Amino acid sequence: MNPRRSSRPGEAGQRPSTLPATNPAFTLVELLVTIAIIGILASMLLPALANARERARRTACLNLQRQFVLAAHLYAGDHEDRLPPGGTDNSNPNDTHTPILSHASKTNLLRYAGDLRSLDCPNLTRWMERREGWRLHDDYGIAIAYHYLGGHPGTPWDAVPGSTNRWTSPQKSGDDPTLVLVADLNVYCPSFQRILAPHGARGPIVREEDHFDQDDRLFDQTPADIGGRGGNVALLDGSAAWRPMSRMRAYRASHLWGADGAFGVW
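First residue of the sequence shown: 13, per my numbering; consecutive thereafter.
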């Protein structure tokens, strides 16, 4: 008599049991849900990253302004206490503009400041380097991405229409230490059809000719109107700080051109 065989699975004569087959692929609904979640996360994270990058650039800009002031003082130390002239290459010495340096002033400043980019807000350097932008001005000189307020003749210039805002240009390094020497290039130029706001919520904002073609009322816009949040301002004594747009005032940034010139905000 043969012994009884075991009936455990896997032994001879027994068919092994199998688990039901599974499909590892995503269904269309699952895929769409995943894409939607990724989109939501991206929409939440990207603005935060842009805001953080803008805050970092504001700090870099502030440091550059301090270096700019230091370069101006070093120049003054070698030139009988006089700050670098704010004049242009124009034959009329009174035809000056706060963002434009003569080639001579640019060359002299760069002996102490280094690269031309050190005279620019980092947010505007790329735009400034375009020939069709604002770097080179025939008959005037080199534009920089800051208002330089030192060494300009005939200040205080006339007030902006509708205001009493006038500014005084420091001529020597020992002048009133509270005078503004360098400011971010918040500027609007109706005749030249440019509005610049170097520090919006997420970076620079620039409006050029095509912007003004939409509506004649856009010629009255200022950096605040296009989203500018403020700017860094450096004083003659070397101190520099951020100013929100609510604390800034509009001034003339061109000496002779009246309504056809540039207007700055600092």
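Cβ atoms here follow ideal geometry from the backbone N, Cα and C, with glycine treated the same way. All values reported here derive from a predicted model rather than from experimental measurement.
MET13 versus THR39: straight-line alpha-carbon distance, rounded: Below a pLDDT of 50, predicted positions are generally treated as unreliable, and MET13, at 48, falls in that range; the measurement from the model is reported next regardless. Roughly 58 Å between the two C-alpha positions.
Classification of ARG259 by the beta-carbon crowding that lies within 10 angstroms, buried from 16 upward: exposed
Those residues which DSSP pairs with ASN244 across a bridge: TRP254
Distance, PRO105 Cα to GLY120 Cα: Reading the sequence as shown, one finds Asn at residue 120 and not Gly. One C-alpha to the other measures close to 18 Å.
Given PRO202 as reference, the closest of MET140, PHE224, VAL81 once Cα atoms are compared: PHE224
Where GLY22 falls, given that 16 or more other Cβ within 10 Å makes a residue buried: Low confidence applies to GLY22: its pLDDT is 49, below 50, so where it sits in the model is not reliable enough to give any reading.
ALA265 and PRO111 closer than 8 Å at C-beta: yes
Between the CA atoms of CYS133 and LEU197 - distance to the nearest angstrom: 8 Å
7 Å Cβ shell around GLN205 - same chain, five flanking residues per side excluded: GLU220, GLU221, PHE224
Cβ contact (3+ pairs, closer than 8 Å) linking the segment 95 to 103 and the segment 153 to 170: yes
Range covered by the alpha helix (DSSP H) that runs through HIS115: 115 to 125
Span separating the alpha-carbon of THR190 from that of PHE231: 33 Å
Exposure of PRO96, with buried meaning 16 or more beta-carbon neighbours within 10 Å: buried
Pairwise C-alpha distance: ALA88 and ARG94: 5 Å
Rounded distance between the beta-carbons of ARG69 and ASN135, thought under 8 Å: 6 Å
Residue interval of the beta strand (DSSP E) (run including HIS11): Residue 11 lies beyond the residue range present for the chain, which begins at 13 and ends at 278; the question has no answer from this structure.
Simplified DSSP assignment, three categories, for LEU208: strand
Burial state of ASN63 (16 or more Cβ within 10 Å): exposed
GLY145, DSSP secondary structure in three states: coil
For PRO21, three-class secondary structure by DSSP: The pLDDT assigned to PRO21 is 49, lower than 50, so where the model puts this residue is not dependable, and the model offers no usable value.
ARG123, buried or exposed, once every other Cβ within 10 Å from all chains shown has been counted against 16: exposed
Boundaries of the beta strand (DSSP E) in which PHE231 is found, first to last residue: Counting along the chain, PHE231 falls outside any beta strand (DSSP E), and DSSP gives it neither H nor E.
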